Structure formats: C-alpha cells, structure tokens
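Residue numbers (this note's numbering), protein chains in the order written: chain A, 63 to 239; chain B, 193 to 505; chain C, 247 to 1013.
Each residue gets a CB set at the ideal place from its N, CA and C atoms; glycine is no exception.
Since the structure is predicted, the reported quantities are computational estimates derived from the model, not experimental observations.
Below: one structure, written as structure tokens.
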Amino acid sequence: MRYAMAIDTKKCVGCSDCVIACQTENNVPLGFCRDWVTETVDGTYPNVSIELRSERCNHCDNSPCVRCCPTGASHIEDGGIVLVTQNKCIGCGACIQACPYEARYSHPDGYVDKCTFCIHRVRKGDKPACVAVCPTRCMYFGDLEDPNSEITNVLKNRKFKALAPEAGTNPQIYYLI
Amino acid sequence: MKEELFVSGRNIPNIDPYLNIWHWQIPVYLFLGGLAAGILFFAALFTIMGKEKEMPAAVRTAPIIAPIALILGLFALFLDLKHKLFFWQLYTTIRIESPMSWGAWVLMAITPLSMLWVASYVKELVPGWNWKYRLLENFETFIIKYRLWMAWMIIVLSVILGIYTGILLSAFNARPLWNTSILGPLFLVSGMSTGAATILLMSKSKEERRTMSWIDLLLIVVEIFFITHLIMGMKAGSQVQIDAVSLFLGGQFTVSFWVFVILLGLVFPAILEIVERLGYHIPVVIPVVLILLGGLMFRFIMVEAGQITRYLY
Amino acid sequence: MHQISDVCQTMNESHNELFQMKTRRDFIKISALGLGAAALTAGASKMGMGFPLLGSENEPGSEENTLRRVPTYCEVCFWKCAGWAHVTEDGNIIKITGNDDDPQCNGRLCPRGTGGVGMFNDPDRLKTPLIRVVKDGEQTYREASWEEALSLIASKMSDLRSKYGPESMALFMHGAPGTHFSHLLKAYGTLNLAAPSFAQCRGPRDVGFEATFGESVSSPEVTDIRDTRCLVLIGSHIGENMHNGQVQEMSQAIDNGAVIITVDPRLSTAASKSKYWLPIKPSTDIALLLSWIHVLIYDDLYNKEYVSTYAEGFDELKAYVKKFTPEWAYGITTLKPDLIRNTAREMANAAPSVIIHPGRHAAWYGDDVQRSRAMAILNALLGSWGNRGGFFFKEGIKLPEFPHPEYPKPAWTWKDLLNGKYPMANEAPTNLVIESSIPTGDQEAKIKGWIVAGTNLISAIPLKEELSKAMQSLELLVVVDTMPMEITGYADVVLPECTYLERYDDIRATSHREPTLCLRMPAVEAKNQTKPAWWIAKQLGERLGLGAYFNYTDFSEVLDWQLKQVGSSLDEMKRIGVKKLSRESSPYLEPGTSHTFKTASGKIQLYSHELAEAGFDPLPAFTKHPEPEEGFYRLIYGRAPMHTFSRTANNPNLVALMPENSVWINPQVAKIWGIKKDQYVWLKNQDGAVSNFAVKVRITERIRWDSVYIVHGFGHHHKPLHFAYGRGVNDTELITNVMMDPIMGGTGMRGNFITFLTEDPGKEVEA
Ligand SMILES: Nc1nc2c(c(=O)[nH]1)N[C@H]1C(S)=C(S)[C@@H](COP(=O)(O)OP(=O)(O)OC[C@H]3O[C@@H](n4cnc5c(=O)[nH]c(N)nc54)[C@H](O)[C@@H]3O)O[C@H]1N2
Ligand SMILES: Nc1nc2c(c(=O)[nH]1)N[C@H]1C(S)=C(S)[C@@H](COP(=O)(O)OP(=O)(O)OC[C@H]3O[C@@H](n4cnc5c(=O)[nH]c(N)nc54)[C@H](O)[C@@H]3O)O[C@H]1N2
Ligand code: SF4
Ligand code: SF4
Ligand code: SF4
Ligand code: SF4
Ligand code: SF4
Ligand SMILES: [Mo]
C-alpha cells in the first residue's frame, strides 16, 4: 500500500476549506495549521496566470524527518504515512529543520505535529478531512499501488508535478497541472 | 511580475515567515560540545604520544573544563526541547541515521569518560585531595592504570563529537546553507581550535604554549581553507545554495560573518599569534578570547542563517 | 406580585431613560459595559508549557465515536447548506460537516460553513439584553433581563401603534431571524419589511430577468452549471463568491471540459480557470453585451427556433443592436473585436447548454436592471432558459403555514412611500425605508421604529448620512444580533440571539432541481442568556396582545405540525436532516410542447413593454459612466472565499485564515506611488471620505491599472469585536457616490474612486 494525494490545480479555487476542515477535524490549535494554500501569480496584466495549491506534509518516500528523529517518534506507518508519536517526541525540532516543505510545527503542548493523512479516518475507510470537504473535489486520495484506484488513474491521465523534487525527498503529494 | 503568497494566512510561531525553531541553545550546545571535544582530543592525543609531562595544561588542567562544558551543553540542549519530560526517550533507542541520536549517545559516553579523566588527575591538581572512601581510592588506582585505554576511547569519541557538531547541521538537506559535507570537518577543526585556544590560555609552560600556538595557527589555516571551500562549493551549487550563501555575500549576515567570524575570530588572532612568534609580546588572552568568541559567533550565525534558507516560498 | 411590580418599576425607569434620548442617539461601544471578550491568545488551545507528565498516545479522533450528530443548516451565508453539528458529550460543538443528502452542498460545506464553529465559540458574542441609558450625562448600555427588555420594547411598540399606527414600524432583516420578525410585524400590522439582499444585492438582476422571462433566477440560482458546455461569468466571481452549489458545479463543468468565459476587470479566480478572460474596462459591460447580441444576430448564430417559438420583440432588438458592432464595443470596453466575436461563437456553439450567468450582487452602476436585461436577452437568443446546461425550471414544496389568525391589512405599505420612484421594485428597498425614517422640513417621518435582525446596516448600506439621520430620528431602534456589530451600537435595546447552532428555525424548503426539506435544530443549549429569534418574536407578540399568532410553546411544535402536513415529521427530520422529494414536472422545456412564460404575454420579452410603459428603455442602453481622474482609481470590491461580508469578520477560525483584507494595486500604479508590498496605506475617495484604518497593500498583476480591489466586510470600528477591530478597510465608508437604479431602487456602488494616503491622516475613529 502506498497512500498518496493528488490535487488538481486547475480546479482548486484557493478557498482554504481544506485548511479549516483539517483544523476542526484534528483539533489543530488556532494560529497553527497542518495544511495551507499558496498562490503563485505569473505574467503581466492582462496575460496573467495563477496556480493555487493546497499543501501539507508530502509523506515523502525518502523522509528526512523520520531519519533525523532521535527517538523514533517520527516514523512511517503502513501505507507510507509519516506520523509522530506524541509521547515519544521530545520536541527537539530536528524534524522541523529536516523538512524542506515547512510542513511540521511545534504544537503548543510541546510535541511536533503535522498532517497525519487523517489516518484515523483512512483506517475506517473514510477520506481525509480535507479531501472530504473540498467543494471543488479537486483532491484525490488513495493507494498508488492499487491499479484501479482513483488516484492511480488520475495520475495516469494527467500531467503532474511534485514540489521541490530537487530536495530529494520523493514527495507523495502530486499536483495536477 | 511573479507573486507568491499564502492564501490561507499562514503565520505559525517560529516557522513563519521563516524558520526560527532553534534559538541560542543550539549554537551554545554546539560550541560547548566542540570546545570539549577539542580539549579532550588534545588531552588524549598527548597522552597517547606520551607527552603528559611536556603538555601539563593540555592533559591535566584544561580537561577540567570538558565535563563542565559538556554538562552545560547538554543542559542548553535540554532547554531547547519543547517536550522536556520526554527527554529520556532519547535513550530508549539508537537511531543510526539521526545525528541527534548518536550525538546524545556520544555525549552519554564521553561525558562520564571526561569526568573519570579529570578524577584520575584530581590529586595532582588539588593537592591534599582525599577520596575518603576506600572503594573510590581503589577505583582511582584502577582508572589511572588504564589511562591510556581511556585516552584511546576519548580520542575516538572526541573526533566523533567534534564532527557531530557539524553533521548535526549538515544532515539537514532541507536547509541549503547546511547542506554541505564540509560542515563536519569544519566544525571539528573549529572545535579543536577553540580547544587549543583554551589550553593555550590555561598553560603556564612556555614550551607547551609554543606547541599549542603552532597547532592553533595550523587549525586556523585549515579552518579558513574549509570556509573558503564551503563558500565556493555553495556558489557552484544549486540555486537554493547560491541563494543561501548570498546571505554571507551581500545578504543580511555579511557583516557579522566577515567581521566577527573571519576577521576577528580567525585572521586577527592568527596575526597576533604570528606577531607573538616573531618575538613581540601579546597578552595571550586576546587571541584566545577572540578565537572563542569567533567560534561561538560562527555557530550562532550558521544556525540562524541556515534556518532562513529553504527550498520553497 | 412583588416581583412583577419591581419589574414594572425598572421598566418605567428605563422607559424614561430611553425617552430622554429622543433627539440624539449616540453610537455607543458596547464594551463600555465591560462585556469585553476573553483572552485574545493565539489559540483556543491551552498554551502548553512543554512539561506534560504523560503524553497521550497520538490517536486523533479517538473521541469520534462518542460524538453526537445534530442536523442543521448553515447560516454563515444564504445558500443554507445542510449539515451536521458534531457535539461532544460535554456539549461542545467541535466540527460541522455537510449532509450528503443535500443537493445544495453534496456533503461538503464551504470554508465559512466549516468554520461555523467559530460563530458559536466567538468569545465576543452578545450575552445579555442591553438597554441604552444615560449615566452621568453619557449614553451607555446596561445589562437587562429579558423580561425588562421585552416589556420595554413591547410598551414602546404599543405607543408607536397608537400614536402613528402600526405601519410606522419597519423591519430590516437578513437570514433566518427575518422570518420570525416578519411574522411578528405582519401580525402587528405593518408590511414595511426590507432586506439588503434586494436593493444592495440581487434586486436589479431579479427585476431584469423577471422583465424578460417573467421569472427570476431565484436563490439558489437555477443555473444548470454542472451540465453546461459554456459558462459566461460577467463579474460573477464564483470561487471567491463561495456559494457552495455553484462552486461545486463550476468545478464539474471544468471536468466536463466546458468553456468558461469570464468578464472581469480583475483576474478573478474564476477568470484564471477560464478559456477566455475578457479584462473589461469597468462599467462598460452593457457595451460588450450589446455587441455580443449584435454578433449573435448579425452573424446568424442565435437559436432561431427558440426565439421564434418563445420570444417576442426580436425585430425591434435586431434593428436596435445593428450599430453595436464589436468594433464599436472595442472603443468602450478595450476588448478586441476578435475576442468578442470568438467568445460569441463559443456561446453559440454550446447553445442551448450555455449560461450567461446573471451574477448575484448586481447593484453596480445604477443601470443594473438594464445590464441584467441584456444578459437575459443574450440567454434568450441562445435558448438557454429551460434547457439542460442552461437554466432549469425549479420545483419546490410549499409548507403550509402554522394556523394563525389572518394578518391585519395595513393602511399603507412601503409601496405608498415610493411616490412614483422605482416603479418595478417588488421588494422594499432598504434605502427607501431609511429615507422614509427621516423627517423632511416640518413633515414627520412616516417610519418611527425599527427592528433590525440579522443585518449590519452600517456596513451593508452605502448611505452613511441618511442612515445616521434616520437612526437619530427614530423613536425606537431594536437590534437583534448574535454579535456586537456596529449596528448594535445605535440600538435602544440590543437583544442577543443565539447562533444557528443553538436554535430551531423554519424548515428550509428549497425549490431547485428537486424539492428538499431540511431541519435546523439546537445542537447544544444556547450560551449565556441568548435566545432564538422565534422565542423573542413570540415573547414580544404576547406582550403586544398578539398571542394568538404564536399559539405554541416551543417552535418545534410548529415544525412538527408543518412536517406532518407533508408526510414527514420532526422525529424523522431529526434523524435524517434532509429529505429529498421527487419532482413532478420536467426541469426542462419539452421539445414540441409549448411553454407559457410568466410574463404578461406568456412570451420572453426581448423588447420590454413593461419597461417602456414605466418610462424606461425597452431595450438596454449603454450609458457612459464617469471615469477616475488622474491619481484616482476605481474602487471595486468583492468576496473572499473565507468570509461572508462582515458577519464572519470576528469569527476566530476564519480570522485565522484571513485576518484582514488588502488593497490590490497594479505594480505600475504601485511604482508611480512608490508603494511597497505589505505597506499600509489609507484610502481617500473622490468626496474626501477617508478610510478609518490603514490597509495592507497587495501588489498584483491580477488587477487593472485604473482600478483597485478590496474584499468587502472588513475595517470594523467597533471595539468589542476583538478579532475584527481595526483590521483592514471597510469599502462601505468609501462608497459615498451611490448610483440609484431608477427602475427598482438598487444602490449602485461602483462609481467611487480612491486615492492613496501614505501618511496617517489622523482620523478619529468612533468607538
Ligand atoms: N460596500 C458594500 N456593501 C454591500 C455589499 C458589498 O459587497 N459591498 N454587498 C451587499 C450584499 S450582496 C448583501 S447581500 C448585503 C449583506 O448585508 P448583511 O446581511 O447586512 O451582511 P452582514 O454584514 O454579514 O450582516 C449580517 C448581520 O447579521 C448578524 N447575524 C449573523 N448571524 C445571525 C443570527 O443568526 N441571528 C441574528 N439575529 N443575527 C445574525 C451578524 O452579526 C451581522 O451583524 O450587503 C450589501 N452591501
Ligand atoms: N465567500 C463569500 N461568498 C459569497 C458571499 C460572501 O459574503 N462571501 N456573499 C454572497 C452574496 S449575498 C452575493 S450577492 C454574492 C456576490 O457575488 P457575485 O455576484 O459573484 O459578485 P459581485 O460583487 O457582483 O462581483 C464581484 C466581481 O466583480 C468584478 N467587477 C467589478 N467591477 C466590474 C465591472 O464593472 N464589470 C465586471 N464585469 N466585473 C466587475 C470584481 O472584480 C469581482 O471579481 O456572493 C455570495 N457569495
Ligand atoms: S478545499 Fe479544495 S478548492 Fe479549496 S483550497 Fe483546498 S484544495 Fe483548493
Ligand atoms: S514533507 Fe516534510 S514532514 Fe512530511 S514526510 Fe516529507 S520531509 Fe517529512
Ligand atoms: S521533534 Fe520529536 S518527532 Fe521531531 S525529531 Fe525531535 S523527537 Fe523526533
Ligand atoms: S490529510 Fe488530514 S491531517 Fe492531513 S492536511 Fe488533510 S485533513 Fe489535515
Ligand atoms: S455556502 Fe458556505 S457559508 Fe453559505 S450556507 Fe453553504 S456552507 Fe454555509
Ligand atoms: Mo448579496
């Protein structure tokens, strides 16, 4: 199993519903976030283009955050989900430094927190909260190793990119372009 | 015009607008670790070389600093942890790939060793010292007997510790400024140089001072060589690395880096030592303090500047 | 006995206190009462010290199983998506999710709906009734019991009724509380009920479409976006305008490969997803529309069969648009003739599965009914009305009214106040009611008392002076709100309503693709002393001797009764939240059958006799509007997906997403002014009105060089709004030139020009 997410930048409207849904689903304290939305504007009026991207932990295949963790709090679960075990985390911040995507933050309670791919929902067969709420349905989540999954198909049929591939982390959030 | 922004208003404390998750504790920790590594390295080295007599400060006096520095360093690290009461989790596992982990383990090994080392010399250092308990007296005899063994262990561990202080940073590919393998040797050399300087300061023997000042000069030259290498390497690297090193070349850390680290921390003390060597009298504390401050400053700058450098946004 | 006389006594006192202020009603910040909010820390979460003794194993959502799910529909905007409030055992609402069975949201709320929890948790919420009093010569509020506040209002309303007749009371409303107070005021004897959703919003569009098709596009709009092949958005910025169903369907349309054409002076989010973006010069849309009509007719692209079957007035139209060539429009709109022709062709190719979207907020330039008419005509030429992928016919279900005596017939209504103005206004324009509340010369004002429920007139109505004069002259001003918004500071009595998550309201009985019923019920007990609107209305009714109109103890009885009339029940609805009913009529025109449009002649009015009779252009005319002078820029405004007007400006969850608005400036303009990114500037308009606060600059290629853009709803100056106070700028205070639509009284707001002040003008801010 290899969970991944694909996000269609052609449909995302940057509404940030994915951000607030994550916040209420996962009790992310206000002022912090596990996902966020960026906008890149290119060109000169009136030849202008926008790319909107909902971003979060890339659940990298080659995850430096896990490697650098001195306690094993950061680890990889089945399906490639990168997780932090709260009561193993000492809050040293190494994993925060290790992540090229600034995807982790130091929770006010001391441990490091980040996107869990909503593993508590995924295990029950639900979609992650952000995916489930997205009004434009521009987010796809599923198992890349399943040849029939929606995400496998969408990646087969569309052009895509990942963020900062040069960082060498092999990110697993794909942006359909 | 190209414009990049967060639509969902990201403003996470210590993460945005740029990373600032490690504060003063980490550079202090790295500095003290490097200093201790330097001191212990020379203590062990001269012991192994059988030069205990010629190098009394290096072997006996200066090492007193080592356990103190190590404990203070560990304490600084502890202060930096955000989930402090889980500190012990560091010692429930060994994570080979995590510099933080083997740093913790190396410290776990070298700190008691450095204490034993000091203990083995305590009678020479403090006249009339008495261990009071028979068991301790026996133990002392035991460690004195195996000092050479200890020296071998210490020399290995101190090199690991010294390199570790650099690798702790260079392991983070995500911070382009740190992403260079030169940091390990560079921090090792820099740590040794601060160690050597400390020995120099504590030494009362002219001969020893001469040797240490030679060594220090040499280390400074090597350090400058490594720093040049670092800058050249970065400039020849990827765009993010070019952006990273530009912090020192016109960017916001230019003055602090060139003035405090390079000029005052390396070049100027080197000149002072050469001048001294040429026969002029220079109070030894001046170059030594400059080297120590330069070393500390270097770590502060590397930690601060490195966190600013990033791949995205 | 003793208690009642006590209450009467204090009531008389406050009554007297209130009377002292007949002439001047100062704006009071409610914080004078120390009702201020709780701590304003970064998060609701306890700030951890990093010293927990035992961490819990990270199993997020483990409490999930103990959550209760209570049906509701959202009140953060007027799309009214059905959802579930998820409630913990200790009565905390932790999240709100969409109801899968609701065709209006398909199980997905928009960010504002998801953030609805913030409305419930907002520490700044109104907590108790407040009564205006004079203390040491200064006006202030004091906390009051419901008994006292209600009795005071009722006695004052009785006075007004006997002195001036019940028609002297007016209601300003928006959203759910409106229906309860409408019922109260109708029973009391007035029909002066106004909502900003007419004259400030969709009024011009509705009147324009009614004049053409005999029917408006309703809310939720009957646009068949999900099946369209071509969607034309004229200013309508779906995606930022986060009306849920439309956003979802636009995305489906993108998936289906529909062509999107967006006409907007700004690269809206929708424009960035469009095949064609027409960066029009603001205020020139009618010229573009006329030239599109020209191309369709003269290039023979229109749907002849449809037009000949269903429409009338084609020949007049054809003759009229002869001169409106794309070349003519180019000179006005700055859009290249080719672009105009190509886009017209795209529409024709897709027809009849094409939507010239009428937009929603249409009060732009004062000729808005005519612009809407032009859009309607375009739709008619393409044959989209009544066809798949165009506009479908809605079907709904009407719930019978809970039995009550007949409403008395008022001696006069707002229509009698028109005096020949706005002949086609079919709802009361708020501005009319406001003007009628101001005495003229020695003429007493016709309207003497207001209840304001669910609208923040201060930021919704661009007539600052009239509004303030009117409020000064009133004898009674009651505001029912959940938050200490600006309008509450003018009230004689402030009544705190509980949020939508804590109350029953009317059943949402939607007319759309299929009829649906939807329940809102309390998910938790109402916080503090807040009460639902139905309860407040009933209490007032009883005190006004109108108890017969409120013949129930709890509103759930009304709902249960109503639901049972249509074969459901409150119990069933509590379980399912949403009930879809099947439709009986066809959503589209059936080929070969005739269809009678709801116009006077039964046909689509390309040429409008109705307008002609009322003395207006029967075919839409382009009028040139003033342009900004040197150094000034047209102020255009719109929505951000994370906020609804001003109502969410203090919602802590949504503030975290977007704490303030910014002024969008083209890089060229920024360069001329030497303005830097993220710098704060003040804005001053053509009449010298200066913004209360400084606003952050966004330098972006998304906006033209002759315009600036801001998101409406920010710049609050009421201090009790701790999260919203002083954040960003309020467009309304810069809209002093209002271009009235003579046809229906719409308040066109886009004829204002601003310039930048880079230094603090030192303006004093009320509150
Ligand atoms: N300058 C400018 N003016 C505009 C617009 C614009 O874009 N720019 N837009 C126009 C449009 S399209 C519209 S529709 C109108 C909207 O105008 P309004 O409907 O007045 O919008 P809000 O400013 O959100 O005010 C809503 C009020 O209702 C209160 N409220 C929220 N929930 C409840 C509740 O459950 N019960 C009660 N009792 N009160 C509640 C809020 O606290 C707030 O005070 O504004 C119009 N005015
Ligand atoms: N997130 C969110 N969504 C909302 C609301 C909200 O408060 N928040 N409010 C809801 C309500 S009540 C309404 S009425 C709707 C309003 O939503 P719409 O009807 O979509 O909005 P408008 O205000 O008409 O249009 C704003 C757009 O018009 C463009 N514009 C400005 N001047 C001109 C011009 O001269 N010509 C053209 N072609 N375009 C121009 C602006 O650049 C902007 O993109 O939104 C609804 N949806
Ligand atoms: S919810 Fe969907 S459309 Fe909205 S910002 Fe997130 S990914 Fe984009
Ligand atoms: S995105 Fe960052 S936190 Fe997530 S797996 Fe990759 S490196 Fe780790
Ligand atoms: S902060 Fe926690 S999860 Fe991150 S590296 Fe340190 S111990 Fe591991
Ligand atoms: S997958 Fe879950 S945890 Fe990750 S961003 Fe989405 S909602 Fe948040
Ligand atoms: S569109 Fe959003 S704010 Fe409006 S009712 Fe639906 S969920 Fe609520
Ligand atoms: Mo509106």
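Item, Value
"Of all the residues that make up the stretch 889–906 of chain C, which are near chain B by a beta-carbon distance shorter than 8 Å?", "902, 903, 904 and 905"
"What does the Cβ neighbour count give for residue 403(C), buried or exposed, with the cut at 16 atoms within 10 Å?", "buried"
"Can residue 475(C) and residue 545(C) be called in contact, C-beta distance under 9 Å?", "no"
"For residue 760(C), which residues from the same chain have a beta carbon less than 6 Å from its beta carbon, with the 5 sequence-adjacent residues on both sides left out?", "826 and 829"
"Roughly how many angstroms separate the alpha carbons of residue 219(B) and residue 919(C), rounded to a whole number?", "44 Å"
"Residue 293(C) to residue 171(A), Cα distance in whole Å?", "Because residue 293(C) sits at a pLDDT of 35, beneath the cut-off of 50, its placement in the model cannot be relied upon, and the point is left open."
"What residues of chain C sit near residue 128(A), judged by a beta carbon separation below 8 Å?", "Neighbours of residue 128(A) on chain C: none; closest Cβ ~15 Å, over 8 Å."
"At what residues does the alpha helix (DSSP H) containing residue 410(C) begin and finish?", "392–410"
"Using only the alpha-carbon positions, how far apart do residue 478(C) and residue 669(C) sit?", "30 Å"
"Tell me which residues share the same chain as residue 303(C) and place their Cβ nearer than 7 Å to its Cβ, disregarding the 5 neighbours each side in the sequence.", "Bear in mind that a pLDDT of 41 at residue 303(C), under 50, signals an unreliable position, so the number given afterwards is only what the model happens to contain. Same-chain partners within the cutoff: there are none."
"Between residue 166(A) and ligand 5, is there a pair consisting of the residue's CB and a ligand heavy atom that are separated by less than 8 Å?", "yes"
"Determine, for residue 771(C), whether the minimum Cβ-Cβ distance to residues of chain B falls below 9 Å.", "no"
"Do residue 83(A) and ligand 6 come close, with the Cβ less than 8 Å from some heavy atom?", "yes"
"Between which residues of its own chain and residue 226(A) is the CB-CB distance below 8 Å, once the five residues before and five after are set aside?", "162, 163 and 233"
"Using Cβ-Cβ distances below 7 Å, what residues of the stretch 168–180 of chain A are close to chain B?", "168, 172 and 173"
"Checking contacts by CB at 9 Å: is residue 292(B) closer than that to chain D?", "Absent here is chain D; the protein component of the structure consists of chains A, B and C."
"Is the stretch 431–446 of chain C touching the stretch 714–730 of chain C, taking contact as three or more C-beta pairs under 8 Å?", "no"
"Using a Cβ-Cβ cut-off of less than 9 Å, give me the residues of the stretch 84–105 of chain A that come near chain B, in sequence order.", "93, 94, 95, 97, 98, 99, 100, 101, 102, 103, 104 and 105"
"Quick one: which chain B residues come within Cβ less than 7 Å of residue 486(C)?", "Neighbours of residue 486(C) on chain B: none; closest Cβ ~11 Å, over 7 Å."
"Go ahead and label residue 286(C) buried or exposed: buried means 16 or more other beta carbons lie within 10 angstroms of its beta carbon, across all protein chains shown.", "Note that residue 286(C) scores 37 on pLDDT, short of 50, meaning its location in the model is unreliable; the coordinates nonetheless yield the value given after this. The residue is exposed, with fewer than 16 neighbouring Cβ atoms inside 10 Å."
"Please name the residue in 65(A), 205(A) and 69(A) whose C-alpha comes closest to that of residue 239(A).", "69(A)"
"If you follow the beta strand (DSSP E) that residue 742(C) is in, where does it begin and where does it stop?", "739–742"
"So what does residue 476(C) bridge to, in DSSP terms?", "505(C) and 600(C)"
"In whole angstroms, what is the alpha-carbon distance linking residue 615(C) and residue 567(C)?", "18 Å"
"Looking at residue 710(C): is its Cβ nearer than 9 Å to the Cβ of residue 87(A)?", "no"
"Is the shortest distance between the beta-carbon of residue 304(C) and the beta-carbons of chain A less than 9 Å?", "Any reading at residue 304(C) needs caution, since the residue's pLDDT is 44, under 50, leaving its predicted position unreliable; the model's value is listed next. Closer than 9 Å to some Cβ of chain A, the Cβ of residue 304(C) qualifies, so yes."
"To which residues does DSSP link residue 203(A) through a beta bridge?", "67(A)"
"Could you tell me the alpha carbon to alpha carbon distance between residue 743(C) and residue 536(C), rounded to whole angstroms?", "47 Å"
"Do residue 609(C) and ligand 1 come close, with the Cβ less than 8 Å from some heavy atom?", "yes"
"Put residue 415(C) into one of helix, strand or coil per three-state DSSP.", "strand"
"With 7 Å as the C-beta to C-beta threshold (strictly closer), list the residues of the stretch 541–570 of chain C near chain B in chain order.", "none"
"Should residue 812(C) and residue 762(C) be called a contact, given that it needs their Cβ atoms to be closer than 9 Å?", "no"
"Under a three-way DSSP split, which group does residue 459(C) fall into?", "helix"
"Is there at least one Cβ from chain B nearer than 9 Å to residue 246(A)'s Cβ?", "The question about residue 246(A) has no answer, for chain A in this structure spans 63 to 239."
"Under 8 Å Cβ-Cβ, which residues of chain A neighbour residue 338(C)?", "Those do not exist, as residue 338(C) stays about 11 Å from chain A at its closest Cβ, beyond 8 Å."
"Determine, using beta carbons only, whether residue 896(C) and residue 962(C) come nearer to each other than 9 Å.", "yes"
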